[in-house]
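In what follows, a single structure is set out as structure tokens and then discussed.
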Amino acid sequence: MVSIVTREYSPEIARKLQGEGRHPLMARILASRGITASTQLESALSGLIPPAHLTHAPRMAGLLADAIAQQKNLLVIGDYDADGATASAVAVRGLRMMGGRVDYLVPNRFEYGYGLTPEIVALAAERQPDVLITVDNGIASIEGVAAANALGLQVLVTDHHLAGDALPDAACIINPNQPGCDFPSKHLA
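The C-terminal residue of the sequence shown carries number 206 in the numbering used here, and the numbering is unbroken.
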């Protein structure tokens, strides 16, 4: 049997959204989903938060630019889920468009575990990279980053998952959820 659940919403916010031109029903739906102003629904590029506001973004850009200029071998390590596959494709394509020597690895998490594990580092090392770039993983990969560092590999972590009590000893970490990052959008994927 299907049950209909009525979400709670703020009547004041719904009235405000109506005053901004929203249909009364749509105003209630939006208010029940946490929308407090019509400006939150803008999808123009001008409404996006500049990525440079992510903690360490300028440093990451510099490290990647240097690696490309020095023709270092870059290896993107992603996950096979929707955001991991998308991030892997965007990273590989973007870095190649900038002249990077890029390969990718999307390991089977059921065989090698999730994140940058020491086993994945060993698998990655067979490809002789200079730089490992994680996408959609790495924020909790303390042992894997340590294994990569021990092999002399530079590790750049890009992730959006919640950080643990300790961060990996990567050359650079981009994650809106890492401690000290006040990037306003914590739900990037």
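All residues carry an ideal CB built from backbone N, CA and C; glycine is no exception.
Original post:
In terms of DSSP beta bridges, what is residue 189 paired with?
Top reply: 173
Original post:
Got a sec: does the ligand NAD put a non-hydrogen atom nearer than 6 Å to the Cβ of residue 90?
Top reply: The model depicted lacks the ligand NAD and carries no ligand whatsoever.
Original post:
Of the residues 169, 154 and 146, which one's Cα is nearest the Cα of residue 191?
Top reply: 154
**OP:** Name the two residues that bound the continuous beta strand (DSSP E) containing residue 103.
**Re:** From DSSP, residue 103 is part of no beta strand (DSSP E) but of the alpha helix (DSSP H) over 99-114.
Original post:
Who are the near neighbours of residue 142 in its chain, counting only those whose CB is closer than 6 Å to its CB and skipping five residues on each side?
Top reply: 168.
Original post:
Quick one: does residue 79 have its CB under 7 Å from some CB of chain D?
Top reply: Of the chains in the structure shown, none is chain D; there is only one protein chain.
Original post:
When DSSP labels each residue in this structure, what does residue 85 get in the three-state scheme?
Top reply: Correct three-state label for residue 85: helix.
**OP:** Could you tell me which uninterrupted beta strand (DSSP E) segments, each at least 3 residues in length, are contained entirely in the stretch 141-170, listed from first to last along the chain?
**Re:** 148-152
**OP:** Work out the CA separation of residue 202 and residue 34 for me, nearest whole Å.
**Re:** 22 Å
Original post:
Do the stretch 68-83 and the stretch 178-190 make contact, defined as three or more Cβ pairs closer than 8 Å?
Top reply: yes
**OP:** Please determine, among 111, 147, 98 and 116, the residue with the shortest C-alpha to C-alpha distance to residue 125.
**Re:** 98
Subject >> For residue 46, the first and last residue of its enclosing alpha helix (DSSP H) >> reply: 41-49
Subject >> Enclosing alpha helix (DSSP H) for residue 30 [first to last residue] >> reply: Per DSSP, residue 30 is one residue of the alpha helix (DSSP H) stretching across 28-36.
**OP:** Below 7 Å CB to CB, which residues in the same chain sit around residue 109 once its five sequence neighbours on both sides are set aside?
**Re:** 93, 119 and 121
Original post:
Run through DSSP, which three-state label would residue 119 get?
Top reply: strand
Subject >> Alpha-carbon spacing of residue 65 relative to residue 25, whole angstroms >> reply: 28 Å
**OP:** Would you kindly report the start and end of the unbroken beta strand (DSSP E) that includes residue 92?
**Re:** 90-94
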